[in-house]
Amino acid sequence: MRAVRLTAATAVATVAALTAVTGCTEKSDSKDKGSDAVKVTATDDSCKVSATSFPAGHVKLAVENKGSKVTEVYVLFPDDRIVTERENIAPGTKANITAEIKAGDYEIACKPGMTGKGIRQKVKATGGKAAAKRDPRLDKAVAEYRTYTQAQADETLPKVKKFTDAIRKGDVEAAKKAYADSRIGWERTEPVAESFGDIDPKVDVREDGLEDGQDPKTDWTGWHRLEKSLWKDGKIGSREKELATLLDKDLKDWQNRVGKALITPTSMANGAKELLDEVATGKVTGEEEAYSHTDLVDFKANVEGAEKAYDLLKPVATENDAALTKELDRQFAALNKLLDEYREDKKSYDFTSYDKVGEADRKELSDAVNALAEPLSKLAAAVVVK
Amino acid sequence: MADTDTDQVKDTGTATPPAPSRRSLLAAGGAGLALGAAAAGGAVALTRSGADDDMQPAAETGGAVPFHGAHQAGIATPVQDRLHFAAFDVKTDDREAFVQLLKDWTEAAALMCEGRTVGDGAYGGLPEAPPDDTGEALGLKPSRLTLTIGFGPSFFDKHGKAFGVADKRPEALVELPKFPGDNLDKARSGGDLCVQACADDPQVAVHAIRNLARIGFGKVAIRWSQLGFGKTSSTTPDAQTPRNLFGFKDGTRNIAGTEKDRLAEHVWVGDSTWMNGGSYLVARRIRMNVETWDRTSLQEQEDVFGRDKREGAPVGKAKEHDQPFLKAMKPDAHVRLAHPDANHGATILRRGYSFTDGTDGLGRLDAGLFFLAYQKDVRKGFIPVQRSLAADALNEYIQHVGSAVFAVPPGVRDKNDWWGRGLFERTEA
Chain A
1 MRAVRLTAAT
11 AVATVAALTA
21 VTGCTEKSDS
31 KDKGSDAVKV
41 TATDDSCKVS
51 ATSFPAGHVK
61 LAVENKGSKV
71 TEVYVLFPDD
81 RIVTERENIA
91 PGTKANITAE
101 IKAGDYEIAC
111 KPGMTGKGIR
121 QKVKATGGKA
131 AAKRDPRLDK
141 AVAEYRTYTQ
151 AQADETLPKV
161 KKFTDAIRKG
171 DVEAAKKAYA
181 DSRIGWERTE
191 PVAESFGDID
201 PKVDVREDGL
211 EDGQDPKTDW
221 TGWHRLEKSL
231 WKDGKIGSRE
241 KELATLLDKD
251 LKDWQNRVGK
261 ALITPTSMAN
271 GAKELLDEVA
281 TGKVTGEEEA
291 YSHTDLVDFK
301 ANVEGAEKAY
311 DLLKPVATEN
321 DAALTKELDR
331 QFAALNKLLD
341 EYREDKKSYD
351 FTSYDKVGEA
361 DRKELSDAVN
371 ALAEPLSKLA
381 AAVVVK
Chain B
1 MADTDTDQVK
11 DTGTATPPAP
21 SRRSLLAAGG
31 AGLALGAAAA
41 GGAVALTRSG
51 ADDDMQPAAE
61 TGGAVPFHGA
71 HQAGIATPVQ
81 DRLHFAAFDV
91 KTDDREAFVQ
101 LLKDWTEAAA
111 LMCEGRTVGD
121 GAYGGLPEAP
131 PDDTGEALGL
141 KPSRLTLTIG
151 FGPSFFDKHG
161 KAFGVADKRP
171 EALVELPKFP
181 GDNLDKARSG
191 GDLCVQACAD
201 DPQVAVHAIR
211 NLARIGFGKV
221 AIRWSQLGFG
231 KTSSTTPDAQ
241 TPRNLFGFKD
251 GTRNIAGTEK
261 DRLAEHVWVG
271 DSTWMNGGSY
281 LVARRIRMNV
291 ETWDRTSLQE
301 QEDVFGRDKR
311 EGAPVGKAKE
321 HDQPFLKAMK
331 PDAHVRLAHP
341 DANHGATILR
351 RGYSFTDGTD
361 GLGRLDAGLF
371 FLAYQKDVRK
381 GFIPVQRSLA
391 ADALNEYIQH
401 VGSAVFAVPP
411 GVRDKNDWWG
421 RGLFERTEA
């Protein structure tokens with residue numbers, strides 16, 4: 001989870017980075033090439049597209065909101081995953097959206113009032129640039145990483161059940177014990193999990209991440225809601241039991257869908273970096289596990305997930321940038337060594353409670369995270385460069 | 001090559017410090033003021049004064065200060081309007097990695113001081129990778145950016161052995177003693193390295209530190225940093241002397257960049273070591289209790305400093321630059337205690353900035369002076385002056401809350417040279 005929850009829509013947009021469909025938005029006045037853009041004219045009850053078929057590759061949408069409501073525009077895969085999106089397009093304004101789009105079928109959706117499924121229009125990206133032939137080692141890396149994410153989900157479900165069973169039994173102590181362990185698989189593969197933008201807000205949102213207008217009493221679900229009950233309130237009521245069952249259900253959904261996530265070598269590399277970003281913004285500060293203080297467990301899991309993606313990409317990355325992988329090896333080792341100082345048994349996930357970690361030590365952890373995350377941000381380039 | 005720093009400002013020539021005026025050469029007063037602050041943006045003050053036609057507001061010239069030279073820029077070169085000062089801890093014991101960092105830093109610093117981007121720039125690279133330069137200084141002028149590096153005592157204590165430079169620790173690089181009234185926050189003190197970034201545009205100074213910190217991740221980590229505005233003293237013989245946040249003029253007789261003799265006598269190290277041509281820097285975060293000061297009567301305020309508030313004239317004199325008669329001042333007056341005559345001639349070059357970091361939890365302005373002083377030897381410069389200030393009446397209104405000292409090596413001579421090369425290079429090389 002990010003320190004401050006993004007709106008559901010922007011969280012969903014992590015798909016763009018994750019699928020290496022490099023979506024980006026720019027102001028309408030910045031680079032207006034005009035003619036080759038697909039014009040999208042949005043009103044309160046229509047979403048007109050100037051071309052329903054365009055060459056794949058670098059596609060630009062020139063959006064104009066002629067309606068009276070604020071709107072947002074999406075490019076969607078047929079299964080509703082998001083290619084790219086742009087929110088908050090005010091009435092009477094224009095916005096450009098650009099994305100690298102492969103050949104295939106898509107939908108463009110306008111959402112007047114920024115709610116609902118939107119007004120949709122089927123479009124097709126044709127021929128265009130065929131994807132360059134990829135290094136077979138990278139295909140293998142992607143396949144192995146996919147297997148890994150599925151395995152993490154598969155292994156997580158029983159651990160979650162142990163946690164939720166304890167809650168359903170009303171056993172506060174047992175639930176507390178099972179809590180951190182139930183999150184490890186999720187934390188290891190978080191960027192993939194987050195790519196299904198609807199699951200993350202259900203299972204991993206923190207109270208401060210709720211959106212305006214959401215009521216914590218009814219709208220706050222998932223691990224952290226239960227964490228608060230267990231550690232702050234110290235009791236389990238009927239609502240908590242309901243939420244436990246809901247958590248099982250939502251994570252089951254994750255387990256069913258995780259195998260379908262779009263994964264590419266660059267999304268793996270940037271996903272690894274994002275795991276470190278998660279650490280830097282949420283765990284190092286102690287915000288993630290504000291009640292249980294099990295931040296270091298999440299921390300370790302994030303690092304493990306990043307290391308897994310890195311290890312799979314390393315053979316190719318080393319060929320392209322040996323200095324980078326040498327530095328990454330060094331920094332992964334340094335961070336893991338530092339983390340080991342916070343657990344007695346190197347095989348257990350029994351880490352020091354984060355409220356016992358002093359400011360100077362937190363700084364040390366933060367420095368080590370920065371030392372790893374900065375070179376890790378260069379991994380994607382080392383994977384794509386020949 | 002510019003062998004004096006007076007030559008170091010190129011560009012339109014308007015930023016070149018004018019020759020010292022007759023008045024400033026004759027003046028001898030008030031050099032020891034340990035506190036100083038700015039006229040709100042020296043540039044504005046100059047424009048308003050209309051007195052010096054040859055001085056153009058510095059920020060508008062936007063010129064580049066040459067990075068290469070016998071001395072590091074940012075010491076005797078004309079003071080800019082803004083500061084971002086950062087102290088770093090070294091996180092590696094790998095000599096090769098650290099030396100590479102110094103080389104990478106030097107290369108980036110030289111580019112940024114020319115107003116150019118770091119590495120492959122801020123855009124146009126691989127879409128999948130973050131750009132080398134963070135980009136927020138794109139389109140901005142060099143803004144007289146200077147970057148000045150220093151090595152702290154802890155650098156030699158903690159890493160001297162691993163880096164094979166323990167025997168090169170300068171004798172003059174001493175830890176500062178505890179001074180009466182110090183209330184030092186460890187989190188705002190010390191540091192193995194420092195980089196002082198001064199520029200006329202705060203975004204340029206912040207960009208420089210941010211990019212150096214980024215290049216340094218894994219090798220160094222920022223320990224603390226301080227933003228400053230409003231130079232509190234000047235190294236150009238300006239018509240206007242800056243004011244500190246207490247509203248008093250300061251730096252009336254600071255060492256000017258044009259005063260080669262005084263620089264040689266008080267600022268530049270002149271010996272046969274790697275520090276030859278370098279200097280020693282003392283950085284102190286001095287919190288001012290501005291609320292209580294503002295409730296203090298004018299008479300007491302003037303008594304505390306030993307100068308009048310309007311003109312800056314020493315007690316009993318009419319003009320700012322009149323020779324002060326120290327005995328006319330109260331025995332605990334700041335100027336009297338800080339003056340070289342009261343300290344066996346101890347003289348320092350000040351380059352401090354005002355700061356405010358918002359307000360504290362009690363609603364008090366978290367403001368004061370980020371004091372920066374360069375000298376040939378801390379033991380003969382800052383330490384005796386600060387000891388003398390133990391009785392300073394000003395102490396009721398200020399508190400030293402952060403402290404650090406650094407050995408500042410000589411300048412980077414040319415494109416093949418790098419920050420700290422003299423320290424790391426074998427003598428036979």
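Going line by line, the protein sequences match chains A and B. For the record, in the first sequence the residue sitting at position 322 is 322 according to the UniProt record's numbering, with numbers rising by one throughout. For the record, in the second sequence the residue sitting at position 15 is 15 according to the UniProt record's numbering, with numbers rising by one throughout. Where is the CB? At the ideal position from N, CA and C, for every residue including glycine.
Buried versus exposed call for Lys300(A) [16 or more other C-beta atoms within 10 Å across all chains shown] = buried
Legend entry - His344(B) - DSSP class collapsed to helix/strand/coil: coil
Of all the CB atoms in chain B, is at least one closer than 8 Å to the CB of Asp208(A)?
no
ask   = Using a C-beta cutoff of 8 Å, does Asp29(A) count as contacting chain B?
value = Unreliable placement is indicated for Asp29(A), whose pLDDT of 39 sits below 50; no coordinate value is reported for it.
What's the gap between the Cα of Ala197(B) and the Cα of His84(B)?
5 Å
Quiz prompt | Short-range partners of chain A found in the UniProt domain "Dyp-type peroxidase N-terminal" (72-229) of chain B, where Cβ spacing is below 7 Å | solution = Those residues of the UniProt domain "Dyp-type peroxidase N-terminal" (72-229) of chain B placed with their C-beta closer than 7 Å to a C-beta in chain A are Lys91, Leu126, Pro127, Glu128, Ala129, Pro130, Arg214, Phe217, Gly218, Ala221, ordered along the chain.
*Return the Cβ separation of Gly218(B) and Lys91(B) in integer angstroms, given the expectation that the two are a contact with Cβ distance under 8 Å.*
7 Å
| query | Among the residues of its own chain, which have a CB less than 7 Å from the CB of Thr106(B), if the five just before and after it don't count? | reply | Result list for Thr106(B): Val412, Trp418, Trp419, in chain order.
| request: Please confirm if Gly23(A) has its CB atom under 8 Å from at least one CB of chain B. | output: Residue placement at Gly23(A) is flagged as unreliable, the pLDDT there being 38, under the threshold of 50; the coordinate-derived value follows with that caveat. Closer than 8 Å: no.
Check your understanding: By a C-beta neighbour count over all protein chains shown, 10 Å radius and 16 as the cutoff for buried, is Glu173(A) buried or exposed?
Key -> When all chains shown are included, Glu173(A) counts as exposed.
Practice problem: Indicate whether the contact test is met: 3 or more Cβ pairs, each with one atom in the segment 162-173 of chain A and one in the segment 200-208 of chain A, closer than 8 Å. | Solution: Three or more Cβ pairs closer than 8 Å define a contact, and the segment 162-173 of chain A falls short of that threshold against the segment 200-208 of chain A.
Against Thr266(A), what residues of chain B qualify as contacts under a CB-to-CB distance less than 8 Å, listed in chain order? Those are Glu128, listed as they occur along chain B.
Checklist line | Delimiting residues of the alpha helix (DSSP H) encompassing Trp224(B) | finding: Secondary structure note for Trp224(B): it is in no alpha helix (DSSP H), and the uninterrupted beta strand (DSSP E) holding it is 220-231.
Under 7 Å by beta carbon: chain B residues contacting Ala56(A)
Near Ala56(A) there are no residues of chain B at all, since even the closest Cβ is about 16 Å away, more than 7 Å.
In this structure, how does DSSP classify Tyr374(B) when only helix, strand and coil are distinguished?
strand
- Could you tell me the distance, in whole angstroms, from the CA atom of Leu138(A) to the CA atom of Ser267(A)? In this model, Leu138(A) and Ser267(A) are separated by some 12 Å (Cα to Cα).
Chain B partners of Thr370(A), CB-CB under 8 Å? A quick correction: the sequence has Asn, not Thr, at residue 370(A). Here the neighbours are Phe217, Gly218, Ala221.
* Asked: Is DSSP giving Ser348(A) helix, strand or coil here?
  -> coil
- Confirm, please, whether the CB-CB distance from Val267(B) to Leu173(B) is below 8 Å. For the 8 Å CB-CB criterion, Leu173(B) and Val267(B) do not form a contact.
Distance cutoff 8 Å, beta carbons only. Does Pro315(A) sit that close to anything in chain B? no
Roughly how many whole angstroms lie between the Cα atoms of Val408(B) and Val195(B)?
-> 10 Å
Inset, instruction - State yes or no: is the C-beta of Leu193(B) within less than 8 Å of the C-beta of Gly228(B)? - result: no
Q.
Quick check: what's the CA-CA separation for Val75(A) versus Ile108(A)?
A. Val75(A) and Ile108(A): Cα-Cα distance of roughly 5 Å.
Coil, strand or helix - Asp303(B) by DSSP: helix
Practice item. Note down the Cα distance separating Thr258(B) from Glu374(A), rounded to an integer number of angstroms. Key: Thr258(B) and Glu374(A): Cα-Cα distance of roughly 43 Å.
* Asked: Below 8 Å, can you find three or more Cβ-Cβ pairs linking the segment 134-153 of chain B to the segment 376-396 of chain B?
  -> no
Q: Pull up the distance between the alpha-carbon of Ala37(A) and that of Gly271(A), whole angstroms please.
A: 30 Å
**Report entry** is_contact[Phe351(A), chain E] using C-beta, thresh 8 Å
**Finding:** Judged by its chain identifiers, the structure shown contains no chain E, and its protein chains are A and B.
Between the segment 62-75 of chain B and the segment 125-132 of chain B, are three or more C-beta pairs nearer than 8 Å? no
I'd like to confirm something about Val142(A): is its beta-carbon nearer than 7 Å to some heavy atom of the ligand COA, or not?
The ligand COA is not part of this structure, which contains no ligands at all.
- Task: Return the first residue and the last residue of the beta strand (DSSP E) that Met268(A) is part of.
- Result: Segment 265-278 is the alpha helix (DSSP H) holding Met268(A); no beta strand (DSSP E) there.
Give a yes or no on whether 8 Å exceeds the smallest Cβ distance from Asp321(A) to chain B.
no
_What would DSSP say about Leu159(B), mapped onto helix, strand or coil?_
Reading the sequence as shown, one finds His at residue 159(B) and not Leu. Helix.
Here's the rule: buried if 16 or more other CB atoms are within 10 angstroms of the residue's CB, otherwise exposed. What is Ser272(B)?
Counting the other Cβ atoms within 10 Å of the Cβ of Ser272(B) gives fewer than 16, which makes it exposed.
Report task. Buried or exposed for Gly358(B), please, with buried defined as at least 16 other CB atoms from any protein chain shown within 10 angstroms of its CB. Result -> exposed
Problem - Test item: CB-CB of Gly402(B) and Leu184(B) under 8 Å - result: Yes, these two residues count as a Cβ contact at 8 Å.
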